[in-house]
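Down below is the structure, laid out as structure tokens.
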Amino acid sequence: MATVLSVSGSPSATSRTARLLRHLDERLIAQGHEVIALDVRTLPADALLGADFRHPAIVEATALFDRADGVVIGTPVYKAAYSGLLKALLDLLPQYALAGKTVLPLATGGSIAHVLAIDYALRPVLSSMGAAHIVPGWFTLDKDITAGDDGAPTLAPSAAEPLAQVSDLFSAALGGRTPLLAATG
Numbered sequence: 079m080a081t082v083l084s085v086s087g088s089p090s091a092t093s094r095t096a097r098l099l100r101h102l103d104e105r106l107i108a109q110g111h112e113v114i115a116l117d118v119r120t121l122p123a124d125a126l127l128g129a130d131f132r133h134p135a136i137v138e139a140t141a142l143f144d145r146a147d148g149v150v151i152g153t154p155v156y157k158a159a160y161s162g163l164l165k166a167l168l169d170l171l172p173q174y175a176l177a178g179k180t181v182l183p184l185a186t187g188g189s190i191a192h193v194l195a196i197d198y199a200l201r202p203v204l205s206s207m208g209a210a211h212i213v214p215g216w217f218t219l220d221k222d223i224t225a226g227d228d229g230a231p232t233l234a235p236s237a238a239e240p241l242a243q244v245s246d247l248f249s250a251a252l253g254g255r256t257p258l259l260a261a262t263g
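Heads up: the sequence shown begins at 79 in my numbering, then just goes up one per residue.
Below, the structure is given as structure tokens:
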């Protein structure tokens, strides 16, 4: 199966974006994919902000992108755009770091007023980086993402079903097995 890099562009340690991605990661693993999680916030700030392309953590992150068949990019939406933290990483990657890759863009935010951030802010950057195929992305409201007592992510049914559908499209584009029923809350 395919190797998927699951990238969280949230600066928060208790990120709803990361919860959403971990939920999706579980689904992709169940479909037979290898999933590697990358929380950009764990990369050294001095390397990101100082544009240190040779920093070992940046070299390692770049290698993860190179290794992946598919990339899931998750970001919170701030001021109608993807996070500055995600931008800092994308700026350090080679121009065509997504060449030949299938990409699934995801965003989280507090209001549906930010739903177009995927298509008008994130998608053009992903396209300019050479993504072979950008599947339809999905925006999820913060209120629809919670964590159980055990820390496991839980999605509201209204968010779980559409996310399952875009996840299945992504998996199919990678050549993975997809379930007949989309929703798994």
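All residues carry an ideal CB built from backbone N, CA and C; glycine is no exception.
Query raised in the report: When DSSP labels each residue in this structure, what does residue 149 get in the three-state scheme?
Result: Taking the first residue of the sequence shown as position 1, residue 149 is located at position 71. The answer is strand: DSSP assigns residue 149 an E or B state.
Requested in this report: Go ahead and label residue 263 buried or exposed: buried means 16 or more other beta carbons lie within 10 angstroms of its beta carbon, across all protein chains shown.
Outcome: In the sequence shown, counting from the first residue as 1, residue 263 sits at position 185. Unreliable positioning characterises residue 263 in this predicted model, as indicated by a pLDDT of 43, which lies under 50. The coordinate reading is nonetheless provided below. Flag for residue 263 reads exposed.
Report task. Report the rounded CA-to-CA distance for residue 161 versus residue 79, giving the unit in angstroms. Result -> Residue mapping note: residue 161 aligns to position 83 of the sequence shown, counting from 1. Residue mapping note: residue 79 aligns to position 1 of the sequence shown, counting from 1. Each residue's alpha carbon lies about 30 Å from the other.
Report task. Check whether the Cβ atoms of residue 182 and residue 148 lie closer than 9 Å to each other. Result -> In the sequence shown, the residue the question calls residue 182 occupies position 104. In the sequence shown, the residue the question calls residue 148 occupies position 70. In contact: residue 182 and residue 148 (Cβ atoms closer than 9 Å).
Requested in this report: Inspect the beta-carbon positions of residue 225 and residue 97 and report whether they are closer than 9 Å.
Outcome: As a position in the sequence shown, residue 225 is number 147, starting the count at 1. As a position in the sequence shown, residue 97 is number 19, starting the count at 1. Cβ atoms of residue 225 and residue 97: closer than 9 Å.
Query raised in the report: Can you give, in chain order, each stretch of the alpha helix (DSSP H) that sits fully within the segment 148-209 and has at least 4 residues?
Result: 162-170, 201-206
Report task. Can you grab the Cα-Cα spacing for the pair residue 218 / residue 170, in whole Å? Result -> Stepping through the sequence shown from its first residue, residue 218 is reached at position 140. Stepping through the sequence shown from its first residue, residue 170 is reached at position 92. If I take the Cα positions, the gap works out to 27 Å.
Query raised in the report: Among 177, 197, 120, 152, which has the Cα closest to the Cα of residue 84?
Result: Counting from one through the sequence shown, the residue named residue 84 turns up at place 6. Checked all of 177, 197, 120, 152; the closest Cα to residue 84 is 152.
Query raised in the report: Within the chosen definition, does the segment 193-213 reach the segment 118-126 through at least 3 CB pairs nearer than 8 Å?
Result: no
Report task. Tell me whether residue 143 is buried or exposed, calling it buried when 16 or more other Cβ atoms sit within 10 Å of its Cβ. Result -> As a working mapping, residue 143 is identified with position 65 in the sequence shown. Buried: at least 16 other Cβ atoms inside 10 Å.
Query raised in the report: Using CA coordinates, which residue listed in 89, 93, 91, 102 is at the minimum distance from residue 249?
Result: Along the sequence shown, read from residue 1 onward, the residue named residue 249 stands at position 171. Ranking 89, 93, 91, 102 by Cα distance to residue 249 puts 102 first.
Query raised in the report: Helix, strand or coil: how does DSSP classify residue 129 here?
Result: By one-based count along the sequence shown, residue 129 stands at place 51. Reduced to three states, the DSSP call for residue 129 is coil.
Requested in this report: Drop a sphere of 10 angstroms on the beta-carbon of residue 228, count the other beta-carbons inside from all chains shown, and report buried for 16 or more, exposed for fewer.
Outcome: For the purposes of this step, residue 228 is taken as the residue at position 150 of the sequence shown. Exposed: under 16 other Cβ atoms inside 10 Å.
Query raised in the report: Which full runs of the alpha helix (DSSP H) of 4+ residues lie inside the segment 88-124, going along the chain?
Result: 94-108
**Report entry** Residue interval of the beta strand (DSSP E) (run including residue 85)
**Finding:** Working through the sequence shown from its first residue, we reach residue 85 at position 7. Here the beta strand (DSSP E) through residue 85 covers 81-86.
Report task. In angstroms with no decimal places, state the Cα-to-Cα distance between residue 267 and residue 193. Result -> With the chain covering 79 to 263 only, the question about residue 267 has no answer from this structure.
Requested in this report: Please state if the CB of residue 154 and the CB of residue 93 are separated by a distance shorter than 9 Å.
Outcome: The sequence position of residue 93 within the sequence shown is 15, counting from 1. The sequence position of residue 154 within the sequence shown is 76, counting from 1. Yes, Cβ-Cβ distance for residue 93 and residue 154 is below 9 Å.
Query - Under 9 Å between C-beta atoms of residue 223 and residue 186 - result: Indexing the sequence shown from 1 puts residue 223 at position 145. Indexing the sequence shown from 1 puts residue 186 at position 108. Result yes, Cβ atoms of residue 223 and residue 186 sit closer than 9 Å.
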